[in-house]
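S.K.: What follows is a single structure, and I will ask about it in a moment.
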Amino acid sequence: MKLAVVGTGYVGLITGVCFAELGHEVVCADKDSGKIEKLRLGEAPIYEPGLQEMLWSNADAGRIAFTTDLAAAVRGSEIVIIAVGTPSTATGEADLSFVERAAESIGEALDGPKTIMTKSTVPVGTNARIEAIVASRAKYPFRVVSVPEFLREGYAIRDTFNPDRIVIGTDRAAEIEAIVELHKPLTDRIFVTDVRSAEMIKYASNAYLATRISFINEIANICEKVGADITQVSAGMGQDRRIGPHFLNAGIGYGGSCFPKDTKALIQIAGNVDYDFKLLKSVVEVNREQRNTMIRKLREYAGSFSGKTFGIWGLAFKPNTDDVREAPALDIVSRLIGEGARVRVYDPAATANFRSLLNDPSIEWCTDPLSAAKGSDGLMLLTEWNEFAEVDLRAVEQTMNTPILIDGRNLFGDKIGAYSRFWYYSVGRPHLNRSFTKGDQPSAFLA
Ligand code: UDX
Numbered sequence: 368m369k370l371a372v373v374g375t376g377y378v379g380l381i382t383g384v385c386f387a388e389l390g391h392e393v394v395c396a397d398k399d400s401g402k403i404e405k406l407r408l409g410e411a412p413i414y415e416p417g418l419q420e421m422l423w424s425n426a427d428a429g430r431i432a433f434t435t436d437l438a439a440a441v442r443g444s445e446i447v448i449i450a451v452g453t454p455s456t457a458t459g460e461a462d463l464s465f466v467e468r469a470a471e472s473i474g475e476a477l478d479g480p481k482t483i484m485t486k487s488t489v490p491v492g493t494n495a496r497i498e499a500i501v502a503s504r505a506k507y508p509f510r511v512v513s514v515p516e517f518l519r520e521g522y523a524i525r526d527t528f529n530p531d532r533i534v535i536g537t538d539r540a541a542e543i544e545a546i547v548e549l550h551k552p553l554t555d556r557i558f559v560t561d562v563r564s565a566e567m568i569k570y571a572s573n574a575y576l577a578t579r580i581s582f583i584n585e586i587a588n589i590c591e592k593v594g595a596d597i598t599q600v601s602a603g604m605g606q607d608r609r610i611g612p613h614f615l616n617a618g619i620g621y622g623g624s625c626f627p628k629d630t631k632a633l634i635q636i637a638g639n640v641d642y643d644f645k646l647l648k649s650v651v652e653v654n655r656e657q658r659n660t661m662i663r664k665l666r667e668y669a670g671s672f673s674g675k676t677f678g679i680w681g682l683a684f685k686p687n688t689d690d691v692r693e694a695p696a697l698d699i700v701s702r703l704i705g706e707g708a709r710v711r712v713y714d715p716a717a718t719a720n721f722r723s724l725l726n727d728p729s730i731e732w733c734t735d736p737l738s739a740a741k742g743s744d745g746l747m748l749l750t751e752w753n754e755f756a757e758v759d760l761r762a763v764e765q766t767m768n769t770p771i772l773i774d775g776r777n778l779f780g781d782k783i784g785a786y787s788r789f790w791y792y793s794v795g796r797p798h799l800n801r802s803f804t805k806g807d808q809p810s811a812f813l814a
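Residue numbering for the sequence shown follows the working numbering, beginning at 368 and increasing consecutively.
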């Protein structure tokens with residue numbers, strides 16, 4: 368099939384490349400000429416395992432092309448995929464201006480009957496609005512189908528080819544054939560529903576997953592006070608098939624391009640119909656507070672931040688991505704330098720993106736974990752990259768000025784006990800924590 372993909376952000380690019388891999392002919396359009404130029408040269412603008420290779424092979428095979436000319440992409444396509452961003456406005460609502468502009472341009476460019484498939488995360492009722500916008504400009508028949516995206520960054524390609532479900536939202540059931548055909552051979556997990564329910568499934572799924580994370584983080588906070596171990600609690604809970612084992616890892620809370628944005632948008636969507644979504648408001652609040660807990664712990668261990676140097680391991684909002692959107696590291700590094708500390712940061716992939724959002728003379732950009740820890744008065748692990756799990760902690764401890772380790776992702780297990788000089792804090796595992804009274808030197812705690 369011939370596809371036009373509007374928007375080459377995360378969702379658009381992965382969608383385009385994966386459909387090309389399935390054998391379709393794809394033209395991706397974006398108004399960002401710099402990005403299109405890079406893509407034409409075969410350079411993936413985001414870090415995503417497997418993407419670069421798949422981009423090259425499909426470009427070589429002539430199955431994927433890139434343009435700034437949206438109308439040209441739309442002309443000659445059978446399916447037009449809307450994959451533009453829906454960022455948060457100041458009030459938390461989804462900003463639909465990119466979707467609306469895309470719908471206008473698609474309507475104007477329509478040169479024959481087509482299916483328009485919406486992948487962007489949009490509030491309930493938006494596909495109806497897209498339909499109205501396109502209809503006001505189009506001279507040919509068309510239909511709008513909602514096919515929300517559920518991929519996770521870092522696993523985007525794997526998720527696309529092994530979906531838990533492909534939700535197809537249409538109010539005209541007879542018209543799903545083209546969408547089913549497009550997804551072949553991934554069609555054993557298709558779930559067909561109406562458009563509004565499809566729109567809601569996306570928000571409800573993300574809000575529910577965010578709720579699990581805030582829930583387990585609160586349980587972890589209680590575990591600390593009652594002497595239980597959150598990793599054991601999560602494992603025990605997860606064995607109940609009604610609960611399941613996923614999204615029960617306690618830590619510094621969620622970040623990224625979806626959960627923070629979509630939880631706030633759903634609170635607004637509910638508010639617009641006079642529904643006070645109290646539970647979800649608390650989820651957002653708990654997530655914000657969880658970052659503060661890390662700062663409080665560091666202060667408890669290290670005292671005042673002023674004039675001190677801290678190491679930061681991990682800037683991305685999660686491992687295997689270079690994405691720093693809503694990453695806890697942005698808040699935490701800002702707080703530390705705001706209170707007069709210097710920070711030495713290291714991330715295997717996200718340093719350039721982080722630097723484009725937060726660049727300050729108090730930040731030193733390190734190229735390996737050990738140099739980020741060097742001479743520091745405390746080290747915070749904020750992203751659980753595998754690389755950190757493999758670092759020789761004895762060497763880390765020796766290079767630090769004060770061996771305080773705040774493990775915001777519970778990366779280090781019982782083996783931390785072997786490194787008895789560390790003043791260690793992790794989330795909801797009080798038996799592993801080692802804190803000391805004022806004036807004590809860590810060396811006093813040698814086993
Ligand atoms: C998420 C959804 O999973 C995906 O379906 C949707 O399409 C987009 O949003 P993503 O943001 O890529 O995907 O990351 P995900 O792996 O879901 O993690 C989100 C955040 O939750 C990360 O900050 C992660 O560190 C955090 N998290 C996840 C936890 O803190 N604990 C967990 O147990 C799981």
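Don't be surprised by glycine CBs; every beta carbon is placed ideally from N, CA and C.
1) Report yes if the C-beta of G347 is less than 8 Å from at least one heavy atom of ligand 1; otherwise report no.
2) Return yes when at least one heavy atom of ligand 1 lies under 8 Å from the C-beta of N616, else no.
3) Please go through the same chain and pick out, in chain order, the residues whose beta-carbon is closer than 7 Å to the beta-carbon of A739, but skip the five residues on each side of it.
4) Measuring alpha carbon to alpha carbon, tell me which residue in K569, K631, A428, F517 is nearest T456.
5) Indicate the three-state DSSP secondary structure (helix, strand or coil) for E731 in the structure shown.
6) Would you say the beta carbon of S624 is closer than 8 Å to some non-hydrogen atom of ligand 1?
7) Three-state secondary structure (DSSP) at S444?
8) Taking only three categories from DSSP, how would you classify K685?
9) Within the continuous beta strand (DSSP E) that includes W752, where are the two ends?
10) Tell me which residues share the same chain as T688 and place their Cβ nearer than 6 Å to its Cβ, disregarding the 5 neighbours each side in the sequence.
11) Apart from the five residues just before and just after K805, which ones in its own chain have a Cβ nearer than 6 Å to its Cβ?
12) Please state the DSSP three-state secondary structure of F644.
13) Helix, strand or coil for M767 per DSSP?
14) Determine, using beta carbons only, whether L518 comes closer than 9 Å to chain C.
15) Using CA atoms only, rank isn't needed, just tell me which of E731, P480, I473, Y414 is closest to E445.
16) Three-state secondary structure (DSSP) at S487?
17) According to DSSP, which residues form a beta bridge with R579?
18) Just the C-alpha distance for T750 and K592, rounded to the nearest angstrom, thanks.
19) Should K551 be labelled buried (16 or more other beta-carbon atoms within 10 Å of its own) or exposed?
20) Along the chain, which unbroken stretches of the beta strand (DSSP E) at least 3 residues long are found entirely within the region 557 to 628?
21) So, using beta-carbon positions, are L477 and A499 closer together than 9 Å?
22) Can you tell me whether DSSP reads V378 as helix, strand or coil?
23) Should the region 536 to 552 be regarded as contacting the region 392 to 407, the criterion being three or more beta carbon pairs within less than 8 Å?
24) Counting only the same chain and skipping the five closest in sequence on each side, list residues whose C-beta sits under 8 Å from that of S810.
25) Tell me the DSSP bridge mates of K664?
26) When burial is assigned at 16 or more other CB atoms within 10 Å of the CB, is K741 buried or exposed?
27) What does a CB cutoff of less than 7 Å around E706 pick up in its chain, not counting 5 residues either side in sequence?
28) Rounded to a whole number of angstroms, what is the C-alpha to C-alpha distance between G429 and E392?
29) Where does M368 fall in DSSP's three states?
30) Where does the unbroken beta strand (DSSP E) through S513 begin, and where does it stop?
31) P809 by DSSP, collapsed to three states: which one?
32) Spatial neighbours of A669 within its chain, please: CB distance less than 8 Å, with the 5 preceding and 5 following residues excluded, ordered by chain position.
33) Should G620 be counted as a contact of ligand 1 given a C-beta to heavy atom distance under 8 Å?
34) On the three-state DSSP scale, how would you describe I413?
35) Just list the residues that DSSP pairs S793 with in beta bridges.
36) Spatial neighbours of R468 within its chain, please: CB distance less than 6 Å, with the 5 preceding and 5 following residues excluded, ordered by chain position.
M.R.: In this structure, then:
1) Shown here, the chain extends from 368 to 814; a query on residue 347 therefore has no answer.
2) Result yes, Cβ under 8 Å from ligand 1.
3) Excluding sequence positions up to five before and after A739, its CB lies within less than 7 Å of the CB of G678, I679, W680, R711, V712, Y713, C733, all in the same chain and listed in chain order.
4) It is K631 whose Cα lies nearest to the Cα of T456.
5) Here E731 sits in strand by DSSP.
6) It does: the Cβ of S624 is within 8 Å (strictly closer) of some heavy atom of ligand 1.
7) Here S444 sits in coil by DSSP.
8) When secondary structure is reduced to three states using DSSP, K685 falls in the coil class, being assigned neither helix nor strand.
9) Premise fails: W752 is in no beta strand (DSSP E) and is neither H nor E.
10) Annotation for T688: E520, G521 place their beta carbon closer than 6 Å to its own, counting only its chain and skipping 5 residues before and after.
11) Bear in mind that a pLDDT of 47 at K805, under 50, signals an unreliable position, so the number given afterwards is only what the model happens to contain. Residues of the same chain with a CB within less than 6 Å of the CB of K805, apart from the 5 flanking positions on each side, do not exist.
12) F644 falls in the coil class under three-state DSSP.
13) DSSP places M767 in the coil class of the three-state scheme, outside both helix and strand.
14) Included in the structure is just one protein chain, with no chain C present.
15) It is P480 whose Cα lies nearest to the Cα of E445.
16) Three-state result, S487: coil.
17) According to the DSSP secondary-structure assignment, R579 is paired through a beta bridge with no residue.
18) Rounded to whole angstroms, T750 to K592 spans 25 Å at the Cα level.
19) K551 comes out exposed.
20) For the region 557 to 628, whole beta strand (DSSP E) runs of length 3 or above, ordered along the chain, are 557 to 560.
21) No, these two residues do not count as a Cβ contact at 9 Å.
22) Residue state for V378 is assigned as helix, using DSSP reduced to three classes.
23) Taking 8 Å as the limit for Cβ pairs, the verdict is that the region 392 to 407 does not touch the region 536 to 552.
24) Confidence in S810 is poor, its pLDDT being 46 and thus under 50, which makes the residue's placement too unreliable to answer from.
25) By DSSP's assignment, K664 forms no beta bridge with any residue.
26) Its Cβ being crowded by 16 or more others within 10 Å, K741 is buried.
27) Answer for E706: F672, S673, listed in chain order.
28) Each residue's alpha carbon lies about 8 Å from the other.
29) The three-state reading of DSSP puts M368 in coil, since its state is none of H, G, I, E or B.
30) Taken as a continuous stretch (DSSP letters only), the beta strand (DSSP E) holding S513 covers 509 to 513.
31) Since pLDDT at P809 reaches only 48, below the 50 mark, its modelled position is unreliable, and the value read off the structure follows with that caveat. Of the three classes helix, strand and coil, the one that applies to P809 here is helix, per DSSP.
32) K675, F677, D744, G745, T769, I771.
33) Relative to ligand 1, the nearest heavy atom lies less than 8 Å away from the CB of G620.
34) I413 falls in the coil class under three-state DSSP.
35) D774, per the DSSP bridge assignment.
36) Leaving aside the five residues that flank R468 on each side, none in its chain has a CB nearer than 6 Å to its CB.
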